[in-house]
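Before any comments, here is the structure.
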Amino acid sequence: MDTFLFSLLICSLVLIQKVNGQGDTITTTQFIRDGETIVSSGGSFELGFFSPGETSSNRYVGIWYKKPSVITPVWVANRVAPVTNKSGVLKVIQSGLVVLANDTNATVWSTNSSTTVQNPVAQLLDTGNFVVRDADDPNPENFLWQSFDYPSNTLLAGMKLGTDLKTGLERYLSSWRSNDDPAPGEYTYHCDPTGYPQDLTRKGPNVTFRAGPWNGLRWSGAPNMVNNSIVSFGLIMNSREIYYSYELVNKSVISTLVIKPFGKTMRIIWIEKTQRWVNYQSADADDCDSYKLCGAYSTCNILSNPFCQCLDKFEPKHPDDWIRSDWSSGCVRKRPLNCTGDGFLKYSGVKLPDTRFSWFNETITLDECRAVCLRNCSCTGYTNLDIRNGGSGCLLWIGELVDIRQLSQSGQDIYIRMSASDIDVAGSAGSKGKKTVILAVALSLLVALILLGLGVGLILYKPRTEDPVITTKGRLGGHSNKNNNSNQSHSEDFELPLFDLFTLTKATDNFSFENKIGEGGFGQVYKGVLEDGQEVAVKRLSETSEQGLHEFKNEVNCIAKLQHRNLVKLLGCCIQGAEKMLVYEYLPNKSLDLYIFGEERSAILDWPKRFNIIKGIARGLMYLHQDSRLRIIHRDLKASNVLLDIEMNPKISDFGMARSFGGDETGANTRRVVGTYGYMSPEYAVDGIFSVKSDVFSFGVLALEIVSGKKNRRFVHPDHHLNLLGHAWMLHKEGRQLELVDSNLVDSCYVSEVLRSIHVGLLCVQQNPEDRPNMSTVIMMLSNEGILPPPKHPGFFTERNVKDAEFSWSTQTPSSINEVTITLLNAR
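Read in order, the letters of the sequence shown correspond to residues -21 to -1, 1 to 807 in mature numbering (1 follows the signal peptide of the UniProt record, and there is no 0).
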C-alpha cells in the first residue's frame, strides 16, 4: 500500500476553530500552509498537504483517514495541478472560493462556487466532506460547494454515485494515473442512468465491466454484493436525481469503495491487527465479467469450456470465429422474428443484459409488461423490475441483448422474444395445450399445401409477358405496411429506366472489389462507368442484407419522381433473377461523415462549406415534407446518408426506410422502428410514433454534429458524460456555445452564423415534437438575422409514464409514485 510523506506542525499564526462539533473551519482571515497546518474533522478524517508514493516530490491537498498508519487519501483537490514545492497555501477568499496558491501567489486550484457571500467558511465534516458555506446561514446544510460533488477515486459512506437530473452534474469515480500520480487515469466508475440505472466501469469511452441493473436488492450481475453486517446500500431514483449510495452498519469499521489504476473497483477494509488494507469484495470477479465478451444473445459461464455459449434457439453469427474462440460477434436467432406471431421463452439464472437501451415502469405487472413488449416489434425481452416479494414492475429491452452471464446463484429470469415456431410449450402446457398445438400445426400444413398448389397452378398457367429487364417503364408493388394511409395505389407505374444485369456487371468490372465505394444495410455500393462514359453508383441488394424487397420497392416508389438539387438522383434500377439493384448518379466526394468525423478530411470543410451543407439538407427536407408530389418522411437522416457532389453540395440519399403520405397527413405510428440510434427522436425510438418532426429532430442532431465535428452517440467529454445534445444544451445555458465549435473552423467561421446554427439545432431537438419548428421555418431562421425563440431542453432525458400499458411520453404526469425520471434510449 502507498506511503505518504507529510509533515504536521501547528502554526502559531493560525487559529483553526471547531464549530458545532463538526470539525475545523477556515475563515477568510485564516489559511493552511504546507508543512505547518493540518485540518481535522473532529472525527475520522484529516485534510492537509501530502506527496504520493516514495519518489514523488509533487505536493497535493487531500483528505485521508486519521486512524490507519498507512496514509491513503480518499480525496485530492489539485489532481491535475500539483505544487512542485512546499510553498502551497490553502485559503478562503472573500468571494467564497477556496483557493490553493503556489509560491508566486498564482492560483493552482479553486472551488467552483458561483455564489458570493459576506462571511464564507470552509469546513471538514466528520463524514469526510470538505464544504464551503455561509457562516451566517442558519442552515448548516446549505453548502456553496462540497468535495462530495467531485469524487476522486474513492466513494465514502454517504457519498452519491450518480447524476443530478436538474443540473446535469454527474458524480463518478476516476482512477489515479498510477500509485505515484493522483491525476485522473484511464478508468472511471459510474452509476449510469441511461435506460434503467446500472453500475459501469469504463476505460476511456468504452465499457469494460457492468454490474447489471438494480433489482431491488442488489445489482443483477453482482450476487455477492448484498447488504451485510458491514455495509448497507441502495439505489435512489426520483425526479431530481439517480444515484447509488452506501452506509456503514458498523461505525467502527473503516471501509471504502475505490477504483484502482488498473481498473478494478473493489471494497477495501482496514484491518487493525495486521495494519493493512484488504480487499473485501471486487466488482468484477472473473473473465465472464468482461463486458460483451460473448457478444449478443449468448451467455458466459466461467465453469464451462468454452466460456461462451449461444442461448437456446440461437446459433453463432460467425461459426468460424467461434471455433477460434473469438465470440465477440455473438449469436443470432435460428429463425427470424415476424412481430405479429412472436412469443417469449424463459431463460433462468442469468445476469440481466445491458439496460442502456431499455424501458421500465414500476407499477405494472409482469403480464402487462409482456403485453407492452409484444406490441412493440423492437422489444426483444422483458422481466420483473424488482425481485422482492415475488417480483413487481416491468423492465424491457429494445434491440440486441448483450453482456449476459450464467450465475451459479441468485441469477434472474428473463423472457426473450422468439418466433412462434421456436417456442417450446410442451414443458408448460397440459395435454389440452399439446392437442391445440398439434391441431394448429396440422392446419398450418394443410393451408401451406393448398397455397403451394395454387402457386404452382398460377405459374403453370400464367400468360407469358414481356421481360421486365428490357422495358423502359417499370411496375412495382406499392407499400405493404398496413400503417401507410396514403392514397397511393397498391401498385403504381413509374417512369424509370431498367438496366439489364449484363450492362451493370460490365460497368462495375463484375462488381470488383476495386470498384466498391461503400456498404450499408441494403448491401454494397459500386462505382460503374456506362458505355456512354457516364459514371454511376450501383447499389446492390445482398443476399444477407438487413433490408429486402420491401425497402427496394419503397426506395424506388419514393424517389423515382423526386427531382431536387439536394436529393440524390435515381437513374434506374435492375430486377433480374435474384438480383435487385438501384442505379444512382455518382457523387465523387462520397458521404458527409467521412469529412466531419475524420481528422484527415475535416479541415477540407471550412465554415462556409459546412453552413451551405446545413442549409442544403434543410432545403432537401423541406421539399420532401411539403413540396414533393407526396409528403415523404425519410426516417433515417444521418451523416452517412448525406452525399456530397463535386462542389460539396449535399444530397440526401437512402430512402429505403422512408414513408410517403398523401393529403394533409403528417405522420403515423409503426410497430417496426427503423433508423439509427443517436438520430431517432424520442417519441419514435420508443413509441414508434413518427412524423415530419421526427426528421426535424434528426436534422437538429446532424446540424450540431456538423458544427462540432463530433458524433452525438459517441461524444466523450472529460468533465461529464452527457451526449452531444446534452453538452450543447449545457453550453447554451451558460453562454459558452462557441466551445462546441470544431477546432478546424476557428479561422474560417462567422460567429453569428455558428451561434445561429447551434441555436436552430437545439430548437430542432427539443423534447416535445410540437415545440420543434418545421423545415420551412428552419430555413427562414438560418437565412435571417431575426430573434430566435429560446430552446427548451433536448430529448436526452424526460419523465415517463405508462397509460393503458402502452409506451408513452409525458412531461406532466409522473410514471410512478416516486416520479421516476429516466434517460432516453440513447438518443446518444
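Ideal placement from N, C-alpha and C gives every residue a C-beta, glycine not left out.
On the DSSP letters alone, give me the boundaries of the alpha helix (DSSP H) that residue i sits inside.
i	result
Trp586	586 to 601
Lys672	671 to 687
Ile42	Note, Ile42: premise wrong, no alpha helix (DSSP H); beta strand (DSSP E) at 39 to 44.
Ile302	298 to 302
Could you name the residues that DSSP lists as bridge partners for residue i?
i	result
Gln385	Val329
Phe241	Partner(s): none; Phe241 has no beta bridge.
His696	His699
Leu227	Val210
Phe339	Leu374
Ile611	Ser639
Trp249	Trp256
Ile554	Lys559
What residue range is occupied by the uninterrupted beta strand (DSSP E) comprising residue i?
i	result
Ser157	152 to 157
Ile575	Premise fails: Ile575 lies in the alpha helix (DSSP H), 572 to 575, not in any beta strand (DSSP E).
Lys182	177 to 182
Lys630	629 to 631
residue 849	Given a span of -21 to 807 for the chain in the structure shown, any question on residue 849 remains unanswerable.
Ser261	255 to 261
residue 809	What is shown of the chain runs -21 to 807, which leaves residue 809 out entirely.
Ser89	86 to 89
Cys310	310 to 312
Cys287	287 to 289
Val562	558 to 564
Cys348	Per DSSP, Cys348 belongs to no beta strand (DSSP E); it is in the alpha helix (DSSP H), 345 to 354.
In three-state terms, what does DSSP make of residue i?
i	result
Pro192	strand
Asp401	helix
Gly213	strand
Thr482	helix
Gly27	strand
Pro773	strand
Gln97	coil
Ser491	coil
residue 812	Residue 812 cannot be examined here, being either before or after the span of the chain that is shown, -21 to 807.
Leu549	strand
Gln73	coil
Arg735	helix
His169	strand
Asn620	helix
Arg544	coil
Ile538	helix
Asn185	strand
Asp392	strand
Met138	coil
Phe127	helix
Arg580	coil
Glu778	Model confidence at Glu778 stands at a pLDDT of 33, short of 50, so the residue's coordinates are unreliable and nothing is read from them.
Trp198	strand
Ser234	strand
Ile17	coil
Leu273	Per the sequence shown, residue 273 should be read as Cys rather than Leu. In the structure shown, Cys273 sits in coil (DSSP, three-state: anything other than H, G, I, E or B).
Asn704	In the sequence as presented, Asn is not what sits at residue 704; that position holds Leu. DSSP places Leu704 in helix when its eight states are reduced to three.
Mind checking whether the beta-carbon of residue i lies closer than 6 Å to any heavy atom of the ligand FMN?
i	result
Phe676	Here there are no bound small molecules, and the ligand FMN is not part of this structure.
Taking the CB atoms as reference points, tell me whether residue i and residue j lie closer together than 7 Å.
i	j	result
Gly657	Arg692	yes
Leu546	Val562	no
Gln716	Leu710	yes
Ala682	Ile593	yes
Arg384	Thr484	no
Thr334	Pro192	yes
Ile248	Ser261	no
Tyr223	Leu148	no
Leu375	Tyr175	no
Asn57	Leu76	no
Ala190	Asp178	yes
Ser673	Ser660	yes
Ser398	Leu290	no
Are the C-beta of residue i and some C-beta of chain D separated by less than 7 Å?
i	result
Phe531	The structure shown contains no chain D; it holds only a single protein chain.
Any 3 or more C-beta pairs closer than 8 Å across the region 722 to 741 and the region 764 to 774: yes
Any contact between the region 659 to 678 and the region 106 to 125? By contact I mean 3 or more CB pairs, one from each, below 8 Å. Contact between the region 659 to 678 and the region 106 to 125 is absent, because fewer than three Cβ pairs lie under 8 Å.
Tell me, please, whether the region 744 to 752 touches the region 599 to 607 by the rule of three or more beta-carbon pairs shorter than 8 Å. no
Are the region 389 to 396 and the region 317 to 325 touching by the rule of at least three beta carbon pairs closer than 8 Å? Yes, since at least three Cβ pairs between the region 389 to 396 and the region 317 to 325 fall closer than 8 Å, the two stretches touch.
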